[in-house]
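Just below is one structure, and these are the notes that go with it.
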Ligand SMILES: Cc1cc2nc3c(=O)[nH]c(=O)nc-3n(C[C@H](O)[C@H](O)[C@H](O)COP(=O)(O)O)c2cc1C
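Residue numbers (our numbering): 574 to 938.
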């Protein structure tokens with residue numbers, strides 16, 4: 574890894590295995606709820622991603638690997654032939670525009686609602702624990718329901734769904750995949766002990782709680798090879814009513830297990846000062862730099878100056894930007910020119926059709 578390299582900045586190229594990135598300004602995964610019927614990405618999403626093809630790497634919005642893995646309306650899937658064909662139009666267009674694109678593989682677990690589940694079933698989770706709060710649905714905000722705990726045998730079925738999703742992503746022409754292990758969704762629900770109270774081999778010790786993630790990574794790596802696979806983790810993010818009694822202890826075990834694969838990168842949603850940490854060291858980005866043996870991508874609240882500092886210090890190899898990329902389709906060029914940035918329009922983050930999706934102006938537009 575590059576350490577204390579004064580010459581590295583966001584404009585430096587980076588070789589992610591055999592994928593050559595012309596810069597280190599990564600577009601972070603963002604759910605935008607604009608998929609068409611059948612949860613197929615349509616022409617509007619082709620336009621959205623092509624507009625952002627100057628990113629060193631695009632990571633798509635979270636994309637469910639099964640109908641059961643869906644939590645919100647109009648999020649795209651990667652399990653039907655129509656979804657594969659829809660995504661193929663996206664990857665072809667991004668590639669023609671000179672870009673690179675990884676698909677984020679997603680299963681929401683308990684962060685769902687019967688109104689988006691097959692046959693109105695209750696969602697599944699490691700344990701039958703109802704999240705606090707409400708979820709946006711087509712009928713407005715509704716209370717979460719108590720999920721059903723996956724049986725030990727069913728866990729293998731979900732691993733297989735991730736494997737199939739990864740295989741579908743390959744058919745759809747992606748450059749690689751990122752596994753969504755962050756932000757309180759299914760994999761994170763297994764990792765952190767507030768949401769995992771299982772007493773089979775997937776619960777209890779940190780190693781047992783990491784087992785589901787590791788089995789999924791093994792399955793995906795089997796389809797793609799390790800260097801085309803990234804994993805995203807959020808060790809302290811409390812979003813979706815999740816916590817761990819000692820995140821540094823849990824995530825050092827997780828990273829130790831992941832180290833043996835030689836993955837393309839580890840992507841960290843970094844702790845905020847306000848994230849509650851019950852016990853143990855704060856697992857900040859430096860903590861991961863010490864224990865992770867590979868490319869490290871930082872995320873959360875970065876601007877150009879902070880990204881360049883972290884890259885020069887060698888704390889990270891890549892930085893992802895979510896809200897800044899959402900509002901600035903030409904973000905690398907704006908950084909290069911020191912141009913003003915468009916402000917993100919929050920009311921259209923998760924709805925609004927073309928508005929707030931494909932109508933952010935380029936520089937001078
Ligand atoms: C509209 C929106 C949708 C998001 N959807 C996802 C998602 O699908 N998958 C994911 O891992 N993170 C998702 N996130 C989190 C972002 O990737 C990122 O971690 C967060 O916004 C902090 O980065 P930023 O400070 O650069 O905005 C989303 C964030 C936003 C604003």
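C-beta: ideal position from N, C-alpha, C; glycine also.
The model shown is predicted, which means the values in this text are computed figures rather than measured ones.
Three or more beta-carbon pairs separated by less than 8 Å are not found between the stretch 640-658 and the stretch 584-603, which leaves the two stretches without contact. Look at residue 852 here: in three-state DSSP terms it is coil, with no helix or strand label.
As far as DSSP is concerned, residue 680 takes part in no beta bridge. For the pair residue 849 and residue 895, the Cα-to-Cα distance works out to about 23 Å. For a cut-off of 8 Å, the C-beta gap from residue 764 to residue 823 is around 6 Å, short enough to register as a contact.
In this structure, DSSP gives residue 620 a helical state, which the three-state scheme calls helix. Around the C-beta of residue 817, 16 or more other C-beta atoms lie within 10 Å, and the residue is accordingly described as buried. With 16 or more neighbouring CB atoms inside 10 Å of its own CB, residue 629 falls in the buried class.
The bridge partners DSSP lists for residue 675 are 632 and 749. Relative to ligand 1, the beta carbon of residue 875 is positioned inside 7 Å of a heavy atom. Counted as a single uninterrupted DSSP element, the stretch harbouring residue 762 is not any beta strand (DSSP E) but the alpha helix (DSSP H) occupying residues 759-764. Per DSSP, the unbroken beta strand (DSSP E) holding residue 716 starts and ends at 713-716. Look at residue 863: its beta carbon is at least 7 Å from all of the heavy atoms in ligand 1. With a beta-carbon spacing of about 6 Å, residue 836 and residue 867 fall inside the 8 Å limit used to define contacts. Relative to the Cα of residue 909, the nearest Cα in the group 916, 731, 898 and 877 belongs to 877. Residues of the same chain with a CB within less than 7 Å of the CB of residue 624, apart from the 5 flanking positions on each side, are 902 and 931 in chain order. Rounded to whole angstroms, residue 755 and residue 666 show a C-alpha spacing of 28 Å. A direct Cα-to-Cα measurement between residue 929 and residue 774 gives close to 45 Å.
Around the beta carbon of residue 713, a 10 Å sphere encloses fewer than 16 other beta carbons of the protein chains shown; the residue is thus reported as exposed.
DSSP, reduced to helix, strand and coil, places residue 643 outside both helices and strands of the structure shown, so it counts as coil.
Under the DSSP assignment, residue 587 falls in the beta strand (DSSP E) whose first and last residues are 587-589. In this structure the stretch 575-595 touches the stretch 870-885; the number of beta carbon pairs closer than 8 Å is three or more. For residue 869, the three-state secondary structure derived from DSSP is strand. Between the alpha carbons of residue 927 and residue 660 lies a gap of roughly 18 Å. Remark: fewer than three beta-carbon pairs, one from each stretch, lie closer than 8 Å, so the stretch 666-681 and the stretch 712-730 are not flagged as touching. With respect to residue 914, residue 869 sits apart: the two C-beta atoms are not nearer than 8 Å. Annotation for residue 728: the continuous alpha helix (DSSP H) segment containing it runs 725-744. Membership of residue 907 in the alpha helix (DSSP H) is indicated by the continuous run 904-910.
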